[in-house]
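Here the protein sequences come in this chain order: A and B. Counting in the numbering used here, the first sequence runs from 4 upward without gaps. Counting in the numbering used here, the second sequence runs from 918 upward without gaps. Beta carbons: idealized from backbone N, C-alpha and C, even for Gly. The block underneath contains the structure these notes are about, expressed in structure tokens.
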Amino acid sequence: MHKKDKMNSFSLPFSIFKLHPKALLLEWNQKPSQKLLIEIITFKAELENKLKEISQITVGYHSLLIEWNKKNLSKDFLFSTLSIIYFSIDFKKPNSNRHWKIPVCYEGEFAQDLEWLSQKLNLSPKQVIEIHSRGLYWVCFIGFLPGFLYLDGLDSKLFFPRKNRPILKVPRGSVAIGGNQTGIYPEISPGGWHIIGKTPVVLFNPNKKPYCFAKSGDTLSFKAISIIEFKNIENKIIEGSFKLT
Amino acid sequence: MIEIINSGFYTSVQDKGRIGFKNFGVPISGAMDQQSFSWANRLLNNLTNSAVLEMSFKGPKICFHEDTFIAITGAFMDPKLNGFSLEMNKPIGIKKMDILQFGNAISGSRTYLSVLGGLQTQKILGSRSQFKGITTIERISKRTVIPIKKLSFNLFKGAVIKHTMMNFDKNILTAYEGPEFNLLPENIKHQLSFQKFHLSHLNNRMGYQLKEKITIKLPQIWTAPVLPGTVQCTPEGKLIILMQDAQVTGGYSRLLQLDDEAINCLAQKGTNDLLQFRIKKLT
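So, in structure tokens, the structure goes:
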């Protein structure tokens, strides 16, 4: 019995939980990290390639939700299939992840909470901008709103609790800090994070592929731009001549 | 086409929903009561994913600008065609300039109106279900005009199913144990199984909050994927049941997961309605 338990703990690094007759939740028993994220999305791609029954797989910080079309597949079948696929993967293979430079204007009305937040953090607004735009961020997954990127990698000097009362209309493109996270609001929405800037970049367009430029596993950094540059990029986006790199 | 003269309380175009776009953060959407939705289409021999009108709590007033056939399923909203009471759950022939009017929901909360061939609104990411930021129109308002298919044959061949009126009084919801269920002490597990809960006024297509709280401190979890029917518990002990328009990931503990039939049942509930969970283990 003891031996078998040990075998199991060595066999797969995640637990398998049947959430719904047609959905299986895999949760890794470790803290989210970049290494784990790469493992999760590599595994996801392989499952999508090899299991035709799957209708969609959704990524979380340390989890995958697998949904399928057919009726109730047996847990044993899924367990053995998942094991075979997991152990056939070469996790060291280089992946096709990209890096994106997001232009952000950290000035004026675009940065409504910057002054206040800087004071609370005992930093100057300039320092906050410097630290925020120096960072390298990982796109963990997209959730909350269409095109809302969950980013990992915020400098702990910028950690600050969310607002007690969310505001009703955070402007589209707002770049904000909440808790230990930073993010970009893809649409006007209610939100409790502190707004420090705005990007003219479109995060989500349901009418144009690839809908959202970024995907899980990509990296991203912010580049400070002036209001004039902001307007220029905005015009180029309207003309269709802007290309994000 | 059909013209909306007034919109009712909350009316939107819905189908089965948007499948396969969760990794862009796009909710599934789709009809809240998938059972009534599917009956509405089957009564007209429509394709199973044809778009219908979903009406909540109070229905709209509609003018038809061409001949067609319709069917009405779900909650009873006392539908009237040109002022005369209309039967539900069967195909009805419609003439140009007919006026269809709905009242308040008397039993149940959501009514479905299917039209022969399905509503022909904008299809985005594989679905016509209306959702803010995805479809141009997020819900039906006064004077909205909805294109429908031209009636190309006169002989009508629908009405293939017979079913008894749905009973919306049922309030037992079958639920499976969620990933954090086992963190609960026995008394809370017992409470979830035996207490009756009231639906609060905070209920919409995204989720339903229950009035009664549970007293427990649960750890926040790492944001993870959720489904319609996931019963979440906030740090203050509030219980929130996610529905079709819910966001695709969540950071609250997941205590239970409703089965599909329970979601259909819940979709027909409204403020102050009583609910009870019947908790099952999934094997």
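Determine the closest residue to Ser1069 (chain B) out of B:Leu1159, B:Gly934, B:Arg1060, B:Thr985, with distance taken between C-alpha atoms. Mapped onto the second sequence, residue 1069 (chain B) falls at position 152. Checking every option, the nearest Cα to that of Ser1069 (chain B) belongs to B:Thr985.
According to DSSP, simplified to helix, strand and coil, what is Gln931 (chain B)? By one-based count along the second sequence, residue 931 (chain B) stands at place 14. Gln931 (chain B): strand per DSSP, three-state reduction.
Residues near Ser159 (chain A) by beta carbon distance below 8 angstroms, same chain, minus five either side: On the first sequence, position 156 is the one that residue 159 (chain A) refers to. Answer for Ser159 (chain A): Asn183, listed in chain order.
Please decide whether Ser159 (chain A) counts as near chain B, where near means a Cβ-Cβ distance under 7 angstroms. Within the first sequence, the letter at position 156 stands for residue 159 (chain A). No, because no Cβ of chain B sits closer than 7 angstroms to the Cβ of Ser159 (chain A).
Rounded distance between the beta-carbons of Pro203 (chain A) and Glu237 (chain A), thought under 8 angstroms: Here residue 237 (chain A) refers to the residue found at position 234 when the first sequence is read from its first residue. Here residue 203 (chain A) refers to the residue found at position 200 when the first sequence is read from its first residue. Yes, Glu237 (chain A) and Pro203 (chain A) are in contact; Cβ-Cβ is about 4 angstroms, under 8 angstroms.
State the DSSP-derived secondary structure class of Ser224 (chain A), mapped to helix, strand or coil. Numbered from 1 along the first sequence, position 221 holds the residue referred to as residue 224 (chain A). If DSSP states are grouped into helix, strand and coil, Ser224 (chain A) belongs with the strands.
At 7 angstroms on the CB atoms, spell out the chain A contacts of Lys939 (chain B), in chain order. In the second sequence, counting from the first residue as 1, residue 939 (chain B) sits at position 22. In chain order: Gln59, Thr61.
I need the DSSP call for Cys215 (chain A), collapsed to helix, strand or coil. In the first sequence, counting from the first residue as 1, residue 215 (chain A) sits at position 212. Three-state result, Cys215 (chain A): coil.
Counting only runs that start and end within the segment 130 to 169 of chain A, where is the beta strand (DSSP E) found for 3 or more residues in a row? Within the segment 130 to 169 of chain A, the complete beta strand (DSSP E) runs of at least 3 residues are 140 to 145, 152 to 155.
For Ser924 (chain B), the nearest candidate out of B:Glu971, B:Leu1175, B:Ser955 (CA to CA): Along the second sequence, read from residue 1 onward, the residue named residue 924 (chain B) stands at position 7. Nearest C-alpha to Ser924 (chain B): B:Glu971.
Check whether Ala1163 (chain B) and Arg1027 (chain B) have beta carbons under 7 angstroms apart: Within the second sequence, the letter at position 246 stands for residue 1163 (chain B). Within the second sequence, the letter at position 110 stands for residue 1027 (chain B). No; because the gap between Cβ atoms is not below 7 angstroms, this pair is not in contact.
Can you name, in chain order, every residue of its own chain whose Cβ lies under 7 angstroms from the Cβ of Ser14 (chain A), other than the five neighbours on each side? In the first sequence, residue 14 (chain A) corresponds to position 11, counting from 1. Correct list, in chain order: Ser86.
Taking the alpha carbon of Ile922 (chain B) as the point to measure from, which residue in B:Thr1188, B:Leu1017, B:Asp932, B:Arg1045 has its own alpha carbon closest? The sequence position of residue 922 (chain B) within the second sequence is 5, counting from 1. If we check each option's Cα against that of Ile922 (chain B), B:Leu1017 comes out closest.
Beta-carbon gap between Leu223 (chain A) and Gly150 (chain A) smaller than 7 angstroms: The sequence position of residue 223 (chain A) within the first sequence is 220, counting from 1. The sequence position of residue 150 (chain A) within the first sequence is 147, counting from 1. Not a contact, by the Cβ cut-off of 7 angstroms.
Once DSSP output is grouped into helix, strand and coil, what is the label at Ser1002 (chain B)? As a first step, residue 1002 (chain B) must be located in the second sequence, where it is residue number 85. Strand, per DSSP.
Runs of alpha helix (DSSP H) lying entirely within the segment 961 to 1039 of chain B, each at least 4 residues, in chain order: none
In the DSSP assignment, find the beta strand (DSSP E) that holds Glu1235 (chain B) and state where it starts and stops. Past the boundaries of the shown model lies residue 1235 (chain B); chain B is included only from 918 to 1200, so the question cannot be answered.
Please confirm if Ser177 (chain A) has its CB atom under 7 angstroms from at least one CB of chain B. The residue labelled residue 177 (chain A) in the question sits at position 174 within the first sequence. Closer than 7 angstroms: no.
For Asn235 (chain A), the three-state DSSP class (helix, strand or coil): Against the first sequence, residue 235 (chain A) aligns to sequence position 232. In this structure, Asn235 (chain A) counts as helix in the three-state DSSP scheme.
Between Trp1161 (chain B) and chain A, is there a C-beta pair that is closer than 7 angstroms? Working through the second sequence from its first residue, we reach residue 1161 (chain B) at position 244. The sequence shown places Gln at residue 1161 (chain B), rather than the Trp named in the question. Cβ-Cβ to chain A under 7 angstroms: no for Gln1161 (chain B).
Output needed in chain order: residues of the segment 77 to 92 of chain A with a Cβ under 8 angstroms from some Cβ in chain B. So the close ones are Lys78.
Alpha carbon to alpha carbon, what distance is there between Pro1102 (chain B) and Lys21 (chain A)? As a working mapping, residue 21 (chain A) is identified with position 18 in the first sequence. As a working mapping, residue 1102 (chain B) is identified with position 185 in the second sequence. The alpha-carbon atoms of Lys21 (chain A) and Pro1102 (chain B) are separated by roughly 21 angstroms.
Cβ shell of Tyr1125 (chain B) (< 8 angstroms), same chain only, five flanking positions each side left out: By one-based count along the second sequence, residue 1125 (chain B) stands at place 208. Excluding residues within five positions, the ones whose Cβ falls inside 8 angstroms are Leu1116, Ser1117, Leu1119, Ile1157, Ile1158, Met1160, Leu1183, Lys1186.
Contact set for Lys975 (chain B): own chain, Cβ-Cβ below 6 angstroms, skip 5 residues either direction: Along the second sequence, read from residue 1 onward, the residue named residue 975 (chain B) stands at position 58. Correct list, in chain order: Gly925, Phe926, Asn1021.
Residues near Glu1055 (chain B) in its chain [Cβ-Cβ closer than 8 angstroms; skip 5 each side]: Along the second sequence, read from residue 1 onward, the residue named residue 1055 (chain B) stands at position 138. Within the same chain, Glu1055 (chain B) has close Cβ partners Ser929, Gln1047, Phe1048, Lys1049.
State whether the segment 1128 to 1142 of chain B contacts the segment 1057 to 1068 of chain B, with contact taken as three or more CB pairs (one from each stretch) at a distance under 8 angstroms. Contact fails between the segment 1128 to 1142 of chain B and the segment 1057 to 1068 of chain B, because fewer than three Cβ pairs, one in each stretch, are under 8 angstroms apart.
Establish whether the CB of Gly1050 (chain B) and some CB of chain A are separated by less than 7 angstroms. For the purposes of this step, residue 1050 (chain B) is identified with residue 133 of the second sequence, where counting begins at 1. Yes, Gly1050 (chain B) lies at the interface with chain A (some Cβ there is under 7 angstroms from its Cβ).
DSSP-derived helix/strand/coil call for Phe1114 (chain B): Looking up residue 1114 (chain B) in the second sequence gives position 197. It is a strand residue.
Going by alpha carbons, who is nearest to Ile1196 (chain B) out of B:Gly1043, B:Pro1142, B:Phe1098, B:Ile987? Looking up residue 1196 (chain B) in the second sequence gives position 279. Nearest option by C-alpha distance: B:Phe1098.
Between Ala1179 (chain B) and chain A, is there a C-beta pair that is closer than 7 angstroms? The count along the second sequence starts at 1 and reaches residue 1179 (chain B) at position 262. No - not a single Cβ of chain A is within 7 angstroms of the one on Ala1179 (chain B).
7 angstroms CB neighbourhood of Glu42 (chain A) in its chain, flanking five on each side removed: Against the first sequence, residue 42 (chain A) aligns to sequence position 39. Once the five neighbours on either side are set aside, the close Cβ partners of Glu42 (chain A) are Phe94.
Own chain, CB closer than 7 angstroms to Cys215 (chain A), minus 5 neighbours either side, in chain order: Residue mapping note: residue 215 (chain A) aligns to position 212 of the first sequence, counting from 1. Result list for Cys215 (chain A): Ile145, Gly150, Leu206, Phe207, in chain order.
Closest by C-alpha distance to Thr59 (chain A), when choosing among A:Trp141, A:Pro128, A:Lys34, A:Leu27: Here residue 59 (chain A) refers to the residue found at position 56 of the first sequence. One point to set straight first is that residue 59 (chain A) is Gln, not Thr, in the sequence displayed. Of A:Trp141, A:Pro128, A:Lys34, A:Leu27, the residue nearest in Cα terms is A:Leu27.
Any idea what DSSP makes of Gln1185 (chain B), helix, strand or coil? Counting from one through the second sequence, the residue named residue 1185 (chain B) turns up at place 268. If DSSP states are grouped into helix, strand and coil, Gln1185 (chain B) belongs with coil.
List, in order along the chain, the chain A residues whose C-beta lies closer than 8 angstroms to that of Thr965 (chain B)? Position 48 of the second sequence, counting from 1, holds the residue named residue 965 (chain B). Those within 8 angstroms of Thr965 (chain B) in chain A number zero; the least Cβ separation is about 13 angstroms.
Ignore the nearest five residues each way along the sequence and tell me which others in Ala968 (chain B)'s own chain have a CB closer than 6 angstroms to its CB. Reading the second sequence from its first residue, position 51 is the one you call residue 968 (chain B). Here Ala968 (chain B) has Val930, Asp932, Gly1035, Leu1036, Arg1045 as same chain residues with Cβ atoms under 6 angstroms from its own Cβ, once five neighbours each way along the sequence are excluded.
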